[in-house]
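Colleague: Residues 0 to 901 (numbering that gives the first Met the number 0) make up the sequence shown, in order.
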Amino acid sequence: MIKTYSVFFFILTSISLSAQNETIHWYFGNKAALNFDKGRIEVLEDSEMDTPAGSASISNEDGLLMFYSNGTTVWNRNHEVMENGNGLAGDANNFQSAIIIPKPGNDTLYYLFYSRLNNSSNPLVTPGIFYSEIEFSNEFPLGKVIRKNAFLDSDSPAEKLTAVHHKSGESFWLLTLTAEDADSEKLKTVFKAYHITDTGLNTNEVKTELNFGIDNFGSMKISADGKKLLVASNTDNTRVKYVHYFNFNNETADITFLRNLIIDPPGANWPPKGLEISPNGQFVYISFKAGNQNGIFQYQLEGQGASDDPHAILYLRPNIIVESLQLANNQKIYVALSLSDSDSETIGVISNPNEKGFSSLYTSAPFRLTPSGSRKGLPTFIQSYFASKIITENQCYVDKFSFSSESYAPISDAIWDFGDGNFGSGANTSHTYSAPGKYTVQGVLTVGSKKVTVYKIVSAYALPNLLANQELIECDENFDGLSIFNLNSIREKITNPALNEELFFYTSLNNLTNDIQIKDSENFQNTAPNQEIFVKAINVNGCSKITSFSVIARFVELGNIPDFFVCENSDGVSGNAKGQFVTTILASTIRTQLGIENTTILSFYPSYIDAQTNLNKFEENFNSASSTIFIKAQEADFSCGGIQYFNIIVNSEPLINLQDTYKICFNPNAKPPEIIQANTSNNRFEWRNSSGNVISINPNFTLDTLGEFSLTVYKTENGIQCTNTKNFRIENPDQPKFSKVLINTEDETNNIVEVFIEGNSSYEFSLDTLNYNGNASSYTFNNVAAGLRTIYVRDINNCEQPIQTNASVIGFQKFFTPNNDGKNDFFNIKGLDASSFKSIDVKIFDRYGKIIASITDLNSLGWDGNYDGKKMPSNSYWFTAIIIDKNDNLIKESRNFSLIRN
């Protein structure tokens, strides 16, 4: 089954198809397959190969699939295991597990190369690089493996395989890599290049030894022109991840080290994996995995800005793993994707790999592989197959297209099919198309003894489609045929405005020829009635066309228009002297007043010149102060139907002279209530409470209740009723607060309590709510009896809410009389309060120093004069007291006292 996706890209860069037909079939992943043929990408569902990583496939010069393999099995074009195609010694888990190279000069014999890094028991093989030979004949039309698992190199191989044409174009180089283990102290890397000619495989390799190690993980690629070699390496002895950049000589296979591309700083975990070189050889793209992050680096290899550090991370995602990269015959780079626990139903694509940074445009490919899926690998090809391409640029169809080509070796001739039924010949040629469109150009290039077919889809752009002999009619003030024109208004009449073509205006053909443009096309004053104006339109593709039109001034009188009124706060803002005007309401009212037809378009402008030039038109809703504006009538053909001024007037805002807040006494009966008055210039009044209920319609309002209120006033002016609303609050004055209370008990004969208040008034103070003293924000009480005292404070006007607080005045008794008369029955420390003190520890001693009682509870009544159930006699006793207040201040006292019994 085949799913066909016609992939045509409408972009300025034409699509080049280096359609060396050997590369048009891709077989990879979990039975995934694609066919790249003449600009069309077909998703195939005929694959029988389920492989975890790398693969190889090849077609013949006519694009007929020959076979595909993952290095362990070979499938023929009928998707059956090829005769003798089982049991290959390769490893399908290798990133570049296999590569196919046709024998030069022989259309029936192919070499399949593959590598193995570890021992295998089935088949029983040791690590090495192997190859098999596959023959097609009348006896074996679907191919047969006639030689299998031949040893090419038995040294420690890497999984890296790549190949290019010899400089002559008549043979191939196969490049392999022998790498020591990354953890080995022996740092040695050997490149081995094998020459494949019409006489077969030359096993006498060309060796290049390096003095540093490259491990076996990741990709190795040669650029399509056969000059650059890049090799991914997970680590070297410095534990830094590199892609190594070499020069490759495709004539001698000599390799010269140039520099390292640093993938990450030391210690990080961003190992390079897949890589691919852009068709122009200036950029390399490298996939990496860093923890749970996956992405693609772009490096510039040549030109201004070349660097060892990446220019951009084109793609970075935590869930989708970026794997192998491979250039295709459409000059795009495709990216294998996988998921941690399943296949990916799509692959990625870098659509403009010759562009720097994000202009290279990484996206998901415009097709799905389902029910197949992508895994780690994409097929490995001879890289120089992608060097063959057509060189031309998209342009306007009336211009001459130049065609040339490039390939992996010199081109001696070319036969051209321009895609429109016309043909040409020669390595360099040209052609002019008779109509716009997209054309698939085919070039059959003679490269040495080979005929290489390449394709390119070119766009021959259409010219702007302009209507001639149109008229731009504007309003004339005085019958002289002259006016001011916005020449850009002709756009709707000569072209489709949605095309967004550039328009340039000229007063004559001579000026157009010399590109002397009208400087201010938005405010053009014609010099003669019915003047002809020339216009050049340029579309998005740079194609242009010329036409002309006439500018005509016409006097049309609309008639007088009455003033239009709105309320001041109709724009939602009070006090700015502006209102909101709605053009649809204006137009409907004026249309009725003047009897204007519904087919006439009415627009509104701030000035006469704006109306003439169709500039600065008011939006449907606009805010404005009182002013004069202009209405313009346009007929269905956009000609002027008249311009007339009229006044828009903003009524004055109804006045409200209320404060935001009013204060009434905490005790509303303490003073007569205050009455506020609304502005009597208004016609109607509505006082509302916080629930929105109207509680009065009088102009006066009594302030006797706390809460949120509003006043809405109504005033009729110029025939319309306008309103204004003010919210206000009624609240009590701020309540005073105790700033501090200081207690001094050092003089037992005079305990002092100082009180300080924060507030907005003068205050009086009391300890019994009967006798108040003072007229300030502080007061001092003298001779305060020991004990827990309450301090009362009120403002002298008795308007603010009064306050009170407790004060502990500590005192030590000199005697007590435990006779149950309710007076001095207990001995204790006076003035203690659990809210002010943390702890108390009082010990009571007789005259012999024996502890006979203790007090540790702040809420205790004290000592009742008993010890061990017996009444103690009248006598002198002693105590020690340790008291800690809430601020951890320590109070110590020790003295004697008397127990007196009657």
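The C-beta atom is built at its ideal place from N, Cα and C for all residues, glycine as well.
Only a predicted model underlies this, so the values are computations on that prediction, with no experimental measurement involved.
Which residue wins for smallest C-alpha separation from P101, given the options S131, Q95 and P370?
Modeller: S131
Colleague: Just reading off the beta strand (DSSP E) that L471 is part of, what are its end residues?
Modeller: Q469 to C474
Colleague: Mark E707 as exposed unless 16 or more other C-beta atoms lie within 10 angstroms of its C-beta, in which case mark it buried.
Modeller: Under a 10 Å Cβ-count criterion, E707 is classified as exposed, with fewer than 16 other Cβ atoms of the shown protein chains found around its own Cβ.
Colleague: Rounded to whole angstroms, what is the Cα-Cα separation between F139 and W74?
Modeller: 14 Å
Colleague: For E208, write down the residues that DSSP places opposite it in a beta bridge.
Modeller: For E208, which the question treats as bridged, DSSP gives the partners V189.
Colleague: Using the DSSP secondary-structure output, state which residues sit across from S838 in a beta bridge.
Modeller: Looking at the DSSP output, S838 bridges to I883.
Colleague: With DSSP run on the structure shown, which of helix, strand or coil describes D416?
Modeller: strand
Colleague: In its own chain, which residues sit with a C-beta less than 8 Å from the C-beta of N901, not counting the 5 before and 5 after it?
Modeller: T816 and N818
Colleague: How do the segment 78 to 96 and the segment 106 to 124 stand: do at least 3 beta-carbon pairs fall below 8 Å, yes or no?
Modeller: Output reads yes: the segment 106 to 124 touches the segment 78 to 96.
Colleague: Going by CA-CA distance only, name the one from G347, P309, P378 and N293 that's closest to S339.
Modeller: Among G347, P309, P378 and N293, the Cα nearest to that of S339 is on N293.
Colleague: Between which two residues does the alpha helix (DSSP H) harbouring L585 extend?
Modeller: Following the DSSP letters along the chain, one finds L585 inside the alpha helix (DSSP H) bounded by residues T582 to L593.
Colleague: Cα separation between E24 and A32?
Modeller: Inspection of the sequence shows that residue 24 is occupied by His rather than by Glu. About 7 Å.
Colleague: Are K577 and N620 closer than 8 Å when you measure CB to CB?
Modeller: Between K577 and N620, the CB-CB gap reaches or exceeds 8 Å.
Colleague: At 4 residues or longer, and completely inside the segment 143 to 177: list those alpha helix (DSSP H) runs for me, N to C.
Modeller: none
Colleague: Given R905, which residues of its chain have a CB within under 6 Å of its CB, disregarding the five upstream and five downstream residues?
Modeller: Any property of residue 905 remains undetermined from this structure, which presents the chain solely from 0 to 901.
Colleague: According to DSSP, L336 sits in a beta bridge with which residue or residues?
Modeller: Under the DSSP definition of a beta bridge, L336 partners with V321.
Colleague: In the structure shown, what three-state DSSP assignment does I900 receive?
Modeller: With the sequence shown as reference, residue 900 is identified as Arg, and Ile is not the correct amino acid for it. It is coil, neither helix nor strand.
Colleague: Return no unless some Cβ of chain D is closer than 8 Å to the Cβ of M81.
Modeller: Among the chains of the structure shown, chain D does not appear; only one protein chain is present.
Colleague: Near S709, which residues of its chain fall below 8 Å by C-beta distance, leaving aside the five closest residues on each side in sequence?
Modeller: W686, R687, T724, K725, N726 and F727
Colleague: Per DSSP, what are the beta-bridge partners of G347 in this structure?
Modeller: V334 and S363
Colleague: For a test of the three-state rule: what should DSSP assign to E757, helix, strand or coil?
Modeller: strand
Colleague: Please state the DSSP three-state secondary structure of F385.
Modeller: If DSSP states are grouped into helix, strand and coil, F385 belongs with the helices.
Colleague: Our contact map puts F896 next to F826 with C-beta atoms below 8 Å; I'd like the distance itself, whole angstroms only.
Modeller: About 7 Å; that satisfies the 8 Å criterion.
Colleague: Which parts of the segment 457 to 544 are runs of the beta strand (DSSP E), unbroken and 3 residues or longer, counting only runs that do not cross its ends?
Modeller: The qualifying runs are 469 to 474, 501 to 505 and 530 to 537.
Colleague: Hey, would you say Q803 sits closer than 8 Å to I790, going by beta carbons?
Modeller: yes
Colleague: Can you give the Cα-Cα distance for Q297 and N148, rounded to whole angstroms?
Modeller: 38 Å
Colleague: Could you check the C-alpha separation between S695 and G786 for me, to the nearest Å?
Modeller: 54 Å
Colleague: In the DSSP assignment, the beta strand (DSSP E) including T722 goes from what residue to what residue?
Modeller: I719 to E730
Colleague: Using the C-alpha atoms, what's the distance from S761 back to E892?
Modeller: 39 Å
Colleague: State the DSSP-derived secondary structure class of P667, mapped to helix, strand or coil.
Modeller: helix
Colleague: Beta-carbon within less than 6 Å of T445's beta-carbon, same chain only, minus the 5 sequence neighbours each way: which residues are those?
Modeller: S411 and D412.
Colleague: Quick check: the segment 390 to 399 against the segment 42 to 59, are there 3 or more CB pairs under 8 Å?
Modeller: no
Colleague: For C474, tell me which candidate among S834, E634 and Q800 has the shortest Cα-Cα distance.
Modeller: Comparing Cα positions, the closest option is E634.
Colleague: Determine the closest residue to R793 out of Y771, F645 and F780, with distance taken between C-alpha atoms.
Modeller: Y771
Colleague: According to the neighbour-count rule (16 or more other Cβ atoms, all chains shown, within 10 Å of its Cβ), is A459 buried or exposed?
Modeller: With 16 or more Cβ atoms within 10 Å of its Cβ, A459 is classed as buried.
Colleague: Taking only runs that begin and end inside the segment 419 to 454, name each unbroken beta strand (DSSP E) of 3 or more residues, in chain order.
Modeller: 422 to 424, 428 to 430 and 436 to 446
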